[in-house]
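Asks: Got a structure for you, written out below as structure tokens; questions coming shortly.
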Ligand SMILES: Cc1cc2nc3c(=O)[nH]c(=O)nc-3n(C[C@H](O)[C@H](O)[C@H](O)COP(=O)(O)O)c2cc1C
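In full-length UniProt numbering, the protein residues as written are 1 to 208.
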């Protein structure tokens, strides 16, 4: 058993406020992207692409959009939840070193993607595994990652020239950090607590 591996999983955090903006060496970035690209995928379709966004103006435009979506979400919240939410940061788009936008191309490896005939979402699951590999590899390199999902897909398609059939799955902020918190931000700020393991493990049948 590798305790280092389990420790890595425990240390991984979603980062918003702790980015330093320092450079990421190209060989480190390459290792992280290669780890993502080594993920399992349905039918070996490898349906992901990674768009590296370093341009400040592009990131500023995206951040403005995210701010508007944040306001939309906040407007749906009841008073005390809105007050809690206002204290929570949801992105480090400009403070991180660069962003990696991960996309899903359903046509990659098609027609007849082996294993996807009954579950169309299996392609999306594959992209999420690549993202998790990226996240853990970045953590192993001492970097932080922050997933931003406060966006409309069409806005991001337009911003980065992504074709209509391709789905942007994640905008990931990436870069060196001052530190990783022990406790997730949403828990630290009283939004929600992590469930204990035994609340989600069941014997033989789904509960209820
Ligand atoms: C699909 C997905 C979307 C997420 N979107 C956001 C987001 O828009 N902004 C944000 O601050 N965190 C986002 N997160 C991070 C979660 O809030 C975070 O993973 C969770 O609170 C647990 O914290 P931890 O990752 O530090 O363990 C997202 C995570 C996932 C998996």
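Even for Gly, the Cβ is constructed at its ideal location relative to N, Cα and C.
If you drop the 5 nearest sequence neighbours on each side, which residues of the same chain put their C-beta closer than 6 angstroms to that of residue 108?
Replies: Taking the first residue of the chain shown as position 1, residue 108 is located at position 108. Here the set comprises 45 and 47.
Asks: Taking 6 angstroms as the cut-off, does the CB of residue 73 come closer than this to any heavy atom belonging to ligand 1?
Replies: As a working note, residue 73 is residue 73 in the chain shown. False, no ligand heavy atom lies under 6 angstroms from that Cβ.
Asks: On the three-state DSSP scale, how would you describe residue 75?
Replies: Looking up residue 75 in the chain shown gives position 75. If DSSP states are grouped into helix, strand and coil, residue 75 belongs with the helices.
Asks: Taking contact to mean 3 or more Cβ pairs, one atom from each stretch, closer than 8 angstroms, check whether the stretch 31 to 41 and the stretch 128 to 140 are in contact.
Replies: With a cut-off of 8 angstroms, the stretch 128 to 140 and the stretch 31 to 41 count as touching, because enough Cβ pairs lie within range.
Asks: May I ask you to list the residues that DSSP assigns as paired with residue 171?
Replies: One-based indexing of the chain shown puts residue 171 at position 171. According to DSSP, residue 171 bridges with 101 and 148.
Asks: Answer yes or no: the CB of residue 9 versus the heavy atoms of ligand 1, is any distance below 6 angstroms?
Replies: Sequence index remark: in the chain shown, residue 9 carries index 9 (1-based). Incorrect: residue 9 has no Cβ contact closer than 6 angstroms to ligand 1.
Asks: Give me, in chain order, the residues of the same chain whose beta-carbon lies closer than 7 angstroms to that of residue 139; leave out the 5 immediate sequence neighbours on both sides.
Replies: For the purposes of this step, residue 139 is taken as residue 139 along the chain shown, with counting starting at 1. Taken in chain order, the residues that qualify are 8, 11 and 12.
Asks: If you drop the 5 nearest sequence neighbours on each side, which residues of the same chain put their C-beta closer than 7 angstroms to that of residue 147?
Replies: Counted from its first residue, the chain shown places residue 147 at position 147. Counting only Cβ-Cβ distances below 7 angstroms, and skipping sequence neighbours, we find 14, 170 and 172.
Asks: Taking 7 angstroms as the limit, name every residue whose beta carbon sits nearer than that to some heavy atom of ligand 1, in sequence order.
Replies: Listed by chain position, these are 12, 13, 14, 16, 89, 90, 91, 146, 147, 148, 149, 150, 170, 184, 185 and 186.
Asks: Grab me the residues of residue 206's own chain with a C-beta within less than 6 angstroms of its C-beta, minus the 5 sequence neighbours each way, in chain order.
Replies: On the chain shown, position 206 is the one that residue 206 refers to. Answer for residue 206: no residue qualifies.
Asks: Closest to residue 97 by CA distance: which of 55, 67, 43 and 71 is it?
Replies: Translated into positions along the chain shown, residue 97 becomes position 97. For residue 97, the nearest C-alpha among the options comes from 55.
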